[in-house]
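A.B. asks: First the structure, which I've put down as structure tokens, then a few questions once you've had a look.
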Amino acid sequence: MAGTDGTVDVQLSDTLCHGAQKTGMTREEVFRYYDTWADRYDKDLFDLNYNGPRQCAEALAEVLSGNKAARILDVAAGTGLCAMELIKLGYTNLDAIDGSQGMLDIAQSRNLYHRYICDFLGPRRLDIQDDHYDAIACCGSFSQGHLKDDCFPELIRIVKPGGLICIAMREEFLHTVEAYRDKLEPAMVTLEEKGSWEQVARDIVPNFYRELNGVIFIYRVLAQT
Ligand SMILES: C[S@@+](CC[C@H](N)C(=O)[O-])C[C@H]1O[C@@H](n2cnc3c(N)ncnc32)[C@H](O)[C@@H]1O
Numbered sequence: 001m002a003g004t005d006g007t008v009d010v011q012l013s014d015t016l017c018h019g020a021q022k023t024g025m026t027r028e029e030v031f032r033y034y035d036t037w038a039d040r041y042d043k044d045l046f047d048l049n050y051n052g053p054r055q056c057a058e059a060l061a062e063v064l065s066g067n068k069a070a071r072i073l074d075v076a077a078g079t080g081l082c083a084m085e086l087i088k089l090g091y092t093n094l095d096a097i098d099g100s101q102g103m104l105d106i107a108q109s110r111n112l113y114h115r116y117i118c119d120f121l122g123p124r125r126l127d128i129q130d131d132h133y134d135a136i137a138c139c140g141s142f143s144q145g146h147l148k149d150d151c152f153p154e155l156i157r158i159v160k161p162g163g164l165i166c167i168a169m170r171e172e173f174l175h176t177v178e179a180y181r182d183k184l185e186p187a188m189v190t191l192e193e194k195g196s197w198e199q200v201a202r203d204i205v206p207n208f209y210r211e212l213n214g215v216i217f218i219y220r221v222l223a224q225t
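Going by UniProt numbering, the sequence shown opens with residue 1, and the numbers climb by one from there.
Here it is as structure tokens:
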């Protein structure tokens with residue numbers, strides 16, 4: 001229920017947002033949580049001043065340099081907030097993957113993507129052929145109990161050599177999420193040392209979520225030898 005200044009609403013939105021990131025949730029519990037939250041997810045994230053999708057889309061568009069036909073996979077796409085921003089910028093060749101069918105149903109009702117894949121990302125093969133995409137956008141999905149570095153090799157497999165992977169997340173999570181602290185960026189570096197990808201950018205952006213900074217990583221996939 002809204003208070004006169006909307007404070008109660010924002011508190012509830014914040015509580016619901018935290019509910020998806022509780023330590024110890026199984027992957028199935030996370031997806032079930034999103035299935036239930038899906039109907040009001042956009043309203044809550046709007047109230048929480050979530051600018052990540054726009055920032056992620058703009059960062060990816062900048063490195064795609066006007067290639068509006070680029071085939072892009074929105075990874076952990078949710079209800080399609082990032083796709084809506086990509087479409088505003090003229091990028092319409094979009095597919096989505098997410099583990100929550102409820103979130104994908106909202107995206108599908110908006111007709112944002114060609115393909116809607118309900119599956120989870122981890123250390124496993126997806127039903128997507130090698131070198132299929134020009135780019136990946138992944139926004140707000142590196143968070144407690146969500147994606148981990150174990151999905152990187154699969155993201156690299158499905159992106160063409162020369163293609164781009166854009167990962168946008170809350171900066172603080174690099175340090176506060178146990179699965180990422182001293183692990184996420186070192187895993188990125190290891191893949192760079194192996195010649196799997198090269199870093200194009202690592203930018204800190206303000207007000208990614210509420211007043212909190214985001215970090216946007218962009219990697220270019222290299223030809224695998
Ligand atoms: C905070 S939402 C972000 C959604 C969208 N990218 C956005 O910015 O609004 C996180 C999404 O990641 C999905 N997710 C979490 N872990 C996942 C995994 N291992 N595989 C696939 N989807 C996952 C959830 O179902 C949820 O839709």
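Each residue gets a CB set at the ideal place from its N, CA and C atoms; glycine is no exception.
All values reported here derive from a predicted model rather than from experimental measurement.
When you compare the CB positions of Ile167 and Phe217, do they come within less than 8 Å of one another, or not?
C.D. replies: Working through the sequence shown from its first residue, we reach residue 167 at position 167. Working through the sequence shown from its first residue, we reach residue 217 at position 217. Contact: yes.
A.B. asks: Could you tell me if Thr79 is buried or exposed, where buried requires 16 or more neighbouring beta carbons within 10 angstroms of its beta carbon?
C.D. replies: By one-based count along the sequence shown, residue 79 stands at place 79. It counts as buried.
A.B. asks: Would you mind working out which of Asp105, Cys138, Pro153 and Asn111 sits nearest Arg125, comparing C-alpha positions?
C.D. replies: Position 125 of the sequence shown, counted from the first residue, corresponds to residue 125. Measuring from the Cα of Arg125, the nearest candidate turns out to be Pro153.
A.B. asks: From Val205, Ile158 and Ala179, pick the residue whose C-alpha is nearest to that of Leu222; which is it?
C.D. replies: The residue labelled residue 222 in the question sits at position 222 within the sequence shown. Comparing Cα positions, the closest option is Ile158.
A.B. asks: Return the chain-ordered ranges of every alpha helix (DSSP H) run that is complete within the segment 7-32 and spans a minimum of 4 residues.
C.D. replies: Complete alpha helix (DSSP H) runs here, min 4: 7-19.
A.B. asks: Can you tell me the Cα-Cα spacing of Leu155 and Ile136, whole angstroms?
C.D. replies: Counted from its first residue, the sequence shown places residue 155 at position 155. Counted from its first residue, the sequence shown places residue 136 at position 136. If you take the alpha carbons of Leu155 and Ile136, they lie about 8 Å apart.
A.B. asks: Buried or exposed for Asn51, going by 16 or more other Cβ atoms inside 10 Å?
C.D. replies: Taking the first residue of the sequence shown as 1, we reach residue 51 at position 51. Asn51 is buried by the Cβ-count criterion.
A.B. asks: Please specify which runs of the beta strand (DSSP E), each continuous and at least 3 residues long, are wholly inside the UniProt domain "Methyltransferase" (72-163), giving them in chain order.
C.D. replies: List check, beta strand (DSSP E) in window: 72-75, 94-98, 116-118 and 133-139.
A.B. asks: Tell me the DSSP secondary structure of Tyr50 in three-state form.
C.D. replies: Locating residue 50 in the sequence shown gives position 50, counting from the first residue. Residue state, collapsed to three classes: strand.
A.B. asks: In its own chain, which residues sit with a C-beta less than 6 Å from the C-beta of Phe142, not counting the 5 before and 5 after it?
C.D. replies: Mapped onto the sequence shown, residue 142 falls at position 142. Within the same chain, Phe142 has close Cβ partners Met169.
A.B. asks: So which of Asp42, Asp95 and Cys82 has the shortest CA-CA distance to Ala59?
C.D. replies: Within the sequence shown, residue 59 is the residue found at index 59, counting from 1. Nearest option by C-alpha distance: Cys82.
A.B. asks: Roughly how far, in whole angstroms, is the beta-carbon of Asp47 from the beta-carbon of Ser13, given that I think they are within contact range, below 8 Å?
C.D. replies: Translated into positions along the sequence shown, residue 47 becomes position 47. Translated into positions along the sequence shown, residue 13 becomes position 13. Between Ser13 and Asp47 the Cβ distance is about 5 Å, and since that is below 8 Å, they are a contact.
A.B. asks: Could you give the DSSP three-state label for Asp203: helix, strand or coil?
C.D. replies: Counting from 1 along the sequence shown, the entry for residue 203 is found at position 203. Three-state result, Asp203: strand.
A.B. asks: Considering only the beta carbon of each residue, do Ala69 and Asn93 sit closer than 8 Å?
C.D. replies: Translated into positions along the sequence shown, residue 69 becomes position 69. Translated into positions along the sequence shown, residue 93 becomes position 93. Going by C-beta atoms, Ala69 is nearer than 8 Å to Asn93.
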